[in-house]
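Protein sequence lines, in the order shown, are assigned to chains A and B.
If you count the first sequence from 1, position 137 lands on 136 in numbering that gives the first Met the number 0, and the numbers rise without skipping.
If you count the second sequence from 1, position 32 lands on 31 in numbering that gives the first Met the number 0, and the numbers rise without skipping.
Every residue gets a Cβ at the ideal spot worked out from N, C-alpha and C, and that includes glycine.
Treat the numbers as computed from the prediction; the structure is a model and nothing was measured.
Shown next, in structure tokens, is the structure this report addresses.
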Amino acid sequence: MVSADPQDKVKARPALATTYEGAGLDLLHRIAPLVDYLEIPPDSIARISGSREDLRPELLEAIACVAPPLKLIAHGVGLSIGSFDSWNENYLRLLDQLFGRFSLEWHSEHLAYTTVAGENLGTMIAMPRTDEALDLICERVQRLQKRYGVPFLLEHVIHLLPDARCQYTNAGFLNAITAQTGCGLILDAYNLECDRHNQGLDIPAFLDELNLEPVRELHVAGGTTHNGFHLDIHSRPTAEPTLALALDIIARSPSLSVVTYEFLKEAIPALGHDGICNELTRIRKAISQ
Amino acid sequence: MTPLETQQRGLLAIIKNRPVDTTADVWLELIAASREAAMVSEIALWWRRFQIESQCRYTSRLLKRLGIYELEVKKYFESTATSPYIEKLTTGFLRALTTHADPLVASVAKFELACLEVNESVKRSRIVWDRNPETTIRALDQLTDLPPAEAGHFYSMELGMDIPGHVACSRFAHP
């Protein structure tokens, strides 16, 4: 007898993606056969000419050489969706250019702020989990959904600072955003581990409370420890415990379709092209089992 | 001000090492002198140093030799609304150093700024050096000893797209 219970369906294996921040063509051509998606951070492939930022034409050409067959997703760092005053319109202009050139499966940003009153913080700070922040985020998410017409995903960032007084748990805040807006989520296995180390996050309790249905994408990466803090500097291969956590999240998230190995452009000399390719092969093998 | 604005403005001030009224919000009071906030500031500064070093090869090398690289980046970061874009960050940093009290730092920063802008500018840049610029740049490039300042002489360098080779330099005696 065939079960009609959707839980009994055989879940498709997630596709594999990796970051492309405009590193050399030789690396792009090596990683392209190993992945299904490229994750493009528009901010990282832009340059300033005069007073205006534009996507670099030579990098768009390079991406066009591999897409198709690769599918593309955009992952921003500079929108600053949580700034009290306004988000970064310059980032949206870059995103417009990317959407104007390619068909993107979805786009995403960090649930955070990088700019305050027009001044860049130089880092990314998690939002306070309050009704005020919830209203601001949801209104902006809905504007993004209307503007681009493809799914929009939010990613939780690490909490280096102790929490401000809050009205929601970590998972409860994400649940409220997805319930109000219908947006998707990116979970980052390494960020969760950082939060466990730095702030004592109870990962099993977080995952139990989180509505995992909106989770479309999962990030994996390896980072570093400095002055006792785990930092989300994506400069290393994925550690085994991170990969194990990733596999647990994959098993529990019904709509998760892409796993992305993230590494910084600045980490390429240390990781090496061979190291990056080996890592992609290793992750592919792990998520295919 | 809403609580969110108070917290975000306060955090900006903490990260940039500026005066902050911590009585306005209990969270700001909690984090102001915390090791966590110090770590956040350190990360922000680390990225700025990394970005500037990658774009301003000669100036960063000179500042490191003088033992003031970290200090100068910190001063610039804390006193300026720094751009997230590396091009703006580095040109802003170099521009700030063009009036540095050490004439060699000022000359190298002017030179590097002129090199970055030479393709975009129709104007010529003129840089005065207290020592031979060619051997200075070579020393910074090859990590060898810097030439000494030449008492009684100076070098006048011009950069511009209309100059053959884009650069010209002459040595003069001080009047």
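Asked: Per-residue DSSP class, three states only, for Val149 of chain A; Found: coil
Asked: Through-space distance from Tyr84 of chain B to Ser48 of chain A, alpha-carbon basis; Found: 11 Å
Asked: Separation of Glu116 of chain B from Ile249 of chain A, as counted between CA atoms; Found: 49 Å
Asked: Simplified DSSP state of Lys15 of chain B, which is helix, strand or coil; Found: coil
Asked: Cα-Cα separation between Ser287 of chain A and Arg94 of chain B, rounded to whole angstroms; Found: 52 Å
Asked: Through-space distance from Glu57 of chain A to Gly75 of chain A, alpha-carbon basis; Found: 20 Å
Asked: Under 7 Å by beta carbon: chain A residues contacting Glu86 of chain B; Found: Arg46 and Ile47
Asked: Cut-off 8 Å between Cβ atoms - residues of its own chain near Pro40 of chain A, not counting five sequence neighbours on either side; Found: Thr18, Glu20, Ala73, His74, Gly75 and Val76
Asked: Alpha-carbon to alpha-carbon, His173 of chain B and Leu10 of chain B; Found: 51 Å
Asked: Secondary structure of His28 of chain A, DSSP reduced to three states; Found: helix
Asked: Every unbroken alpha helix (DSSP H) inside the segment 113–160 of chain B [4 residues or more]; Found: 132–141
Asked: C-beta neighbour in chain A for Asp20 of chain B, strict 9 Å; Found: no
Asked: Cβ-Cβ separation, Tyr57 of chain B to Glu4 of chain B (assumed contact under 8 Å), whole Å; Found: That pair is no contact at about 41 Å.
Asked: In DSSP terms, what Ile72 of chain A is bridged to; Found: A:Glu38
Asked: Which residues DSSP lists as bridging Thr114 of chain A, in chain order; Found: A:Asn119
Asked: Asp231 of chain A to Glu108 of chain A span [Cα, whole Å]; Found: 16 Å
Asked: Proximity test, Cβ basis, 9 Å: Phe179 of chain B and chain A; Found: Chain B is shown from 0 up to 174; residue 179 of chain B falls before or after that span and cannot be answered.
Asked: Through-space distance from Pro213 of chain A to His106 of chain A, alpha-carbon basis; Found: 14 Å
Asked: Per-residue DSSP class, three states only, for Trp105 of chain A; Found: strand
Asked: Exposure label - Ser79 of chain A; buried when at least 16 CB within 10 Å; Found: buried
Asked: CB contact check: Ala73 of chain A to chain B, cutoff 9 Å; Found: no
Asked: Three-state secondary structure assigned by DSSP to Thr98 of chain B; Found: coil
Asked: Chain-ordered residues of the segment 100–112 of chain A with a beta carbon less than 7 Å from chain B; Found: Tyr112
Asked: Chain-ordered chain B contacts of Leu120 of chain A [CB-CB under 8 Å]; Found: Leu10, Leu11, Ile14 and Ala43
Asked: Pick from B:Val166, B:Asp161 and B:Pro102 that is closest to Phe153 of chain B, judged by C-alpha positions; Found: B:Pro102
Asked: Ala108 of chain B and Leu96 of chain B closer than 9 Å at C-beta; Found: yes
Asked: Continuous beta strand (DSSP E) stretch holding His257 of chain A: start and end; Found: It should be pointed out that residue 257 of chain A corresponds to Val in this sequence rather than to His. It spans Val257 to Tyr260 - the beta strand (DSSP E) in which Val257 of chain A sits, taken as one unbroken run.
Asked: Where Leu78 of chain A sits in the DSSP three-state scheme; Found: coil
Asked: Helix, strand or coil at Glu265 of chain A [DSSP, three-state]; Found: helix
Asked: Cβ-based burial, Ile13 of chain B [other Cβ within 10 Å; buried from 16]; Found: buried
Asked: Beta carbon of Ala175 of chain A nearer than 9 Å to that of Leu133 of chain A; Found: yes
Asked: Coarse secondary structure for His272 of chain A, derived from DSSP in three states; Found: helix
Asked: Of the listed residues A:Cys137, A:Ala111 and A:Gly222, nearest to Gln7 of chain B (C-alpha basis); Found: A:Ala111
Asked: Straight-line gap, Arg164 of chain A to Thr1 of chain B (C-alpha atoms, nearest Å); Found: 14 Å
Asked: Pairwise C-alpha distance: Leu103 of chain A and Leu186 of chain A; Found: 20 Å
Asked: Beta-carbon spacing of Asp140 of chain B, Ser106 of chain B below 9 Å; Found: no
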